[in-house]
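Working notes, structure below.
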Amino acid sequence: MFASTSQRNDDGLRASYNISLLIAKSGKPHTIGEKLILSAAEEVLKTVLHKPASDIIKRIPLSNNTVERRIDEMSSDTETFLCNYLQTTHFSIQLDESTLPENAALLLAYVRFIMNQEIYEELLFARTLITDTKGESIFHVWKDYFIEKA
Numbered sequence: 001m002f003a004s005t006s007q008r009n010d011d012g013l014r015a016s017y018n019i020s021l022l023i024a025k026s027g028k029p030h031t032i033g034e035k036l037i038l039s040a041a042e043e044v045l046k047t048v049l050h051k052p053a054s055d056i057i058k059r060i061p062l063s064n065n066t067v068e069r070r071i072d073e074m075s076s077d078t079e080t081f082l083c084n085y086l087q088t089t090h091f092s093i094q095l096d097e098s099t100l101p102e103n104a105a106l107l108l109a110y111v112r113f114i115m116n117q118e119i120y121e122e123l124l125f126a127r128t129l130i131t132d133t134k135g136e137s138i139f140h141v142w143k144d145y146f147i148e149k150a
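One point on numbering: in our numbering, the residue at position 89 of the sequence shown is 89, and numbering is uninterrupted.
And the structure:
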């Protein structure tokens, strides 16, 4: 009895992470999970599978705060994996300075590396340039990131 309850809770947690990832990839507001996705899943369960949906839906936490927390956790895990991997391999870095609508300068760092005989290009970080966009300021932001993650 306890094993099946635990498995159902784990399935709900896994579904919550998977749906949070889909929400992040879509770029939609985090509230879509609670407002639309749970309602749609409930309708599918009732209409297509003829199952009572309320017990299943209750095990999938998708509030705005939960989705945000899940996305942050997955992002942190990805960044940690990437930083650890980059410490063991050669890579190239591309820095790009961009301006946000409110005239804030943003530094984007992309890395290119080989893993499992495939070339990957990933966004490593995006940091605000607080002072100016001179080469020295850009270098300090880049250097500070690597010191922080080493």
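Glycine residues also receive a C-beta, built at the ideal position from the N, C-alpha and C atoms.
Taking its Cβ as the centre, do 16 or more other Cβ atoms sit within 10 Å of VAL44, making it buried, or is it exposed? VAL44 is exposed by the Cβ-count criterion.
Exposed or buried, what is GLY135 when buried is set at 16 or more other beta-carbons lying within 10 Å of its beta-carbon? exposed
Go through the segment 32-104 residue by residue and report every complete run of the alpha helix (DSSP H) that reaches 4 residues or more, in order. The qualifying runs are 38-47, 53-58, 64-86.
Assigned exposure category for ALA150 - 16 Cβ within 10 Å defines buried: Label assigned to ALA150: exposed.
Grouping DSSP H, G and I as helix and E and B as strand, with all else coil, what is ALA15? helix
Rounded straight-line distance, which links the Cα of LEU21 to that of HIS42: Reading off the sequence, residue 42 comes out as Glu, not His. The straight-line gap from Cα to Cα measures roughly 20 Å.
Let's see if you can read the secondary structure: which residues bound the alpha helix (DSSP H) around ILE147? 135-149
Taking 8 Å as the threshold, find out whether the segment 87-97 comes into contact with the segment 67-78 through three or more Cβ pairs. no
For the beta strand (DSSP E) that contains THR131, what are its first and last residues? Premise fails: THR131 is in no beta strand (DSSP E) and is neither H nor E.
Mind checking whether ILE37 and ILE57 have CB atoms under 8 Å apart? no
Where LEU124 falls, given that 16 or more other Cβ within 10 Å makes a residue buried: buried
Just the Cα atoms here: how many angstroms apart are LYS35 and ALA104? 33 Å
Say yes only if the C-beta of ALA41 is nearer than 7 Å to one or more non-hydrogen atoms of the ligand NAP, and no if none qualify. For the structure depicted, the ligand NAP is absent and the ligand set is empty, with no information on it obtainable.
Anticipated Cβ contact below 8 Å, GLU97 with THR131, distance rounded: Your pair GLU97 and THR131 does not check out as a contact, with CB atoms roughly 13 Å apart and the cut at 8 Å.
Which same chain residues, not among the five before or five after ILE32, have their C-beta less than 7 Å away from its C-beta? For ILE32, where only same-chain residues beyond five positions count, the Cβ hits under 7 Å are ILE23.
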